[in-house]
Every structure is written in C-alpha cells, then in structure tokens.
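One structure is given below, encoded as structure tokens.
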C-alpha cells in the first residue's frame, strides 16, 4: 500500500521538496476535478429531461371521423356512468349512516341497562351472601344443638321422674296392701293411716287429697279416683326445673346477638331470595332454591322453638313468627312475566314442617309425652290435627318423618299399656266393701286404665285404625278392663263402667259395620252386656235393661239386640235399633 504522500506526488507536478504548499496545491486540484465532473452530469440530465419526444405517427392507419355529436354522446355516457356510481355510493353511504345510528342507539340502551354487568354484580353479591349465611349457620349450629339438647334433657328428666315415682308408688301401695291384708280379708287396724305407711304413700295420698279438694271447690263432678294423672312436682323440683330452663333460654337469646339481622332474621333472608326470584326467575328455579330453603332455615327455626313445648300451653303454629314469614314468602305473587311450572315455593312450608317440626314432635313423643296425661295428649292431638288437617301436610301424604311419628306414637302407647296399667284381681268378697283398701286400690287402677283407653282413642283419624283398635281394644280392654268388669257385681257400678268404656270408643268405628255384628275385638264385651241385660230383665229392672241394650246398639251389635227383643217380647224397644 502506498502512502497518501506518494499518491499525491504522482498526481501532481512536482513543485519542490514536498512542503506544505505542495499538499495545498494537490487539494485544490482535486476539488476542481470534482466540481467539473458534477457540472457535466447535471448538463447531461437536463438535456435528457427537457428534450421533447417526437411523436411517431403511423400514416398507414386511418382514424374514425370525429364530430361534435360523437363527442357530446360520449361525454353524456360518461356523465351517466359517473352519476350511477355516485348514486350507488350515496345509497351505501346512507346505509352506513343508518347502521351507525342503530349502533349508537343499541349502545345507549346497553349502557342504560347494563344487563351483563348488573347480572354479574347481582349473582356475585348473592353468592357472597349465601356463603356468609351458610358459614354463619354452620358456626352457630353447635351451640344450637347443645341448647336444644339441654332443654330436651330437662323435660325428659322431669318426665322420667314422674313416671318412676308413679311406678314406685304403685309397687309400694300394692305391697303395702298385700302386707296389711295377708292372712285376712280385712286390713289391720289403722289401714292407710297407720304409722307403718311408707312416706312415699303418704305423699301420694296428700297429692290425691289436694286434687280432690280442688275439684270440690271448682264444682267438678262425675270424677273417679284414678282419672287424674298424678304428675304434680314438689315446689323444690319445680323451682330447680324452672331455674335451669331459664338459664338455657337466656343462653339461646344470645346465640345470634353478634350476627347482623340479614343473616339471622328469617323474613329478611327470604326477602333476599324473593328478590332473586323476581329478577331472575329462571335461574332461581334452576338452582332449586325451594328445595334448599327448608334445610337453610332449619337452625333458625330450631332456635325459635327451643322454649316450645307442644305438650303444655298449646300454641298454634300459625301464630309463630317463622311460620308467618314462610307463609308470606310462599304466597307472594311472582311479578316476573314468565311463570314456570317447576316453581315449588308453595312446598317450602310443608317441607319445613316435615324436616323440622315433625322430628321435634317425634322427640317429644318418644321421651317426654306421658300417655296417661289427658292434657298432654289433647294438646298433642290438636297439634297433629292442625298439621295434617289444615292442608299444611296432607293426611294421605306419605313421608319418612310422618311414618316415624306414627310409629313412635304407637310404640309409646304400647309401652304405657305394658308398664302403667295394673289392675289387681281380688276375690269379690274382699272388694264388696267400697271403703276397703283393696276395693279403693282396685277402683283407682281400673279408672286409670279407662283414662288411658280414652287417651289412646283420641288419636283416631291420625294413627291407623287397626293399630288403635289393637292397642285400645285387644290389649287394653280385653286384657285388663274386661276382667275387672266381669269381676264387678251386676248393678249400677258395672253399668257405669260399661258406659264409660263405650263412651271412649269413636262412633266412626261402627258406621260401616255390616250384618248387624260388632267389631271382632268387642265380641266378649258384647256377650257380657247381653248377660247383664238378661240378669237385669230377670230382676225387672227395665230402665237398666234399656241402658244396656242401648250400649249394644252403639257398639253395632244389632243382631244381639234384635234377638233379645224377640226372645223376651219387648216390642216397644225396637225403636232404639233405628237410632
């Protein structure tokens, strides 16, 4: 490679000895060369640009003639074509403008309604509310169960105490009478007033005396010893029970004191779901809310029922706040335009009754109810009649909860028949004296069994008839009561006992009888009435005979009455058969 100085020396005339003047001279020459070259390039380009191109015409080709009409025609055609294109563009423009206006209106409507955003917001809020509600109830469920169990345990303990005391007194009284009368048909001197009488029997006699005095003051008549339940507690026991119950109820009122009303008020909870149904009925039905509400409301209803005892101080379910709230929810009109066939809000209340109320009643029947108590039985029967008779639950509707209640009722009454009924059989000679201990004890036990029979048949129309007839007639009447009636001398006492037994039996049982025959379970009882009628007619007791025959008519034993009238030529008594 040559150096720059060497190339400079070759391109220029040597001027000296290579001083700085030589370098300047070389630079000047190079600049002149560059300027000259650029001018030559520009001159050549200008010549090429502005040199006119000479048209080349082919003289051998002849052109068509051109005149004014042809030019005018072509211009007109051109204008028409352009106008058509312009109209097409105009129509397309107008169409686009209409689409723009329509789109603007749609946007405005969507902005006003904001359906998607509002729907999402509502469902999001409802989901959060449901989750918080479920979490709240799950957290409180343990306390609810404990308080409910505590109240039920108090009631059960009181019921067990009364039952055990009754059985203990019955056993002690029977043993005491047997001890006093052993080896002798009459009690020893002093009888029940003797110093050897156990304290338990003294307390029992004291309660019996107090009840007798109360009946006398109230003017209540036609009462027999043994018809009372003997379920009174001592003041100490009543005070302890009430104190424990008040403590539990006070705790129950504090369960939801730290919870907002939206999560513990049944009415407000139902309003939330009612709003859902009003706004979005389809999703409401698709979510099966009507089937979820009974389980969701169960803990809240149980809290309100902690102090509820269906055996005492009967209260209509319709008067309870939770019942009215659910009833209003079920009866609320659906304001949405679309009414679906699978709307089951009407079934919320029956499902609540089935899932919450019936199991609670079943627990009372199993552990607290005393079938010997007429007041408890009437309250319970009235409650069940209200549930099954006022279309809250259909009598013909079969459900697991209903079957459990019916089976528990039958088992509890059967247990009472087996454990609470005891009618001793003494020789007639030992009970002829109505003031004797044996006679009084036997009479009390008989009338106690009659009271149980009347309480059992109160369930007619609720419990299956065949089961009631088995309990009341086969097990109670034929096994216990009839034996005592047969052992009672013929007379007013015997007739009164028979009349009380017949008065307990429902008339409905004898309405559809055919052939003039009574119920199979009453055949032995009917034969006893026939023997009584014959004995009374033989002794010329016409009025008493008519009373016995009327009892046979009430029990449906018409053929027995007809044969008796024909046998004894009592034509004047035929009129009673048609009654």
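Numbering (the UniProt record's numbering), first residue to last: 1 to 579. In this text, a Cβ means the ideal position worked out from N, Cα and C, and glycines have one as well.
- The secondary-structure analysis by DSSP pairs residue 85 with nothing; it has no beta-bridge partner.
- One thing to note: residue 531 has its Cβ no nearer than 7 Å to the Cβ of residue 368.
- When DSSP states are grouped into helix, strand and coil, residue 463 belongs to the strand group.
- With a beta-carbon spacing of about 5 Å, residue 417 and residue 475 fall inside the 8 Å limit used to define contacts.
- Considering only 540, 503 and 524, the residue with the shortest C-alpha distance to residue 550 is 503.
- Residue 292 counts as exposed, since fewer than 16 other C-beta atoms from the protein chains shown sit within 10 angstroms of its C-beta.
- Under the Cβ criterion (8 Å, minimum of three pairs), the segment 440 to 449 does not count as touching the segment 373 to 391.
- For the segment 279 to 305, the continuous alpha helix (DSSP H) assignments of 4+ residues that do not extend past its boundaries occur at 281 to 286 and 289 to 304, in sequence order.
- As the crow flies, the alpha-carbon of residue 176 is around 20 Å from that of residue 429.
- When the alpha-carbon of residue 463 is set against those of 28, 500, 407 and 511, the nearest one is in 407.
- Contact annotation: residue 420 and residue 372 have beta-carbon atoms nearer than 7 Å.
- Close CB contacts of residue 266 within its chain, under the 8 Å cut and outside five residues either way in sequence, are with 297, 300, 301, 321, 322, 325 and 326 (chain order).
- For residue 348 against residue 329, the beta-carbon gap comes to about 7 Å, under 8 Å, which counts as contact.
- A distance below 7 Å separates the beta carbons of residue 573 and residue 565.
- The Cβ atoms of residue 468 and residue 535 lie no closer than 7 Å to each other.
- Contact annotation: the segment 536 to 543 does not touch the segment 512 to 519, with fewer than three C-beta pairs closer than 8 Å.
- In this structure, residue 147 places its C-beta atom within 7 Å of the C-beta atom of residue 248.
- In the structure shown, residue 152 adopts helical secondary structure according to DSSP, grouped into three states.
- As for any alpha helix (DSSP H) of minimum length 4 sitting wholly inside the segment 457 to 523, the runs are 465 to 469, 482 to 487 and 492 to 504, ordered along the chain.
- When DSSP states are grouped into helix, strand and coil, residue 96 belongs to the helix group.
- Distances from the CA of residue 411 to each of 562, 456, 136 and 174 were compared; the closest alpha carbon is that of 456.
- Taking C-beta separations shorter than 6 Å and ignoring five residues to either side along the sequence, residue 509 has no partners in its chain.
- In this structure, DSSP gives residue 316 a state outside helix and strand, which the three-state scheme calls coil.
- In the three-state reduction of the DSSP assignment, residue 416 falls in the helix class.
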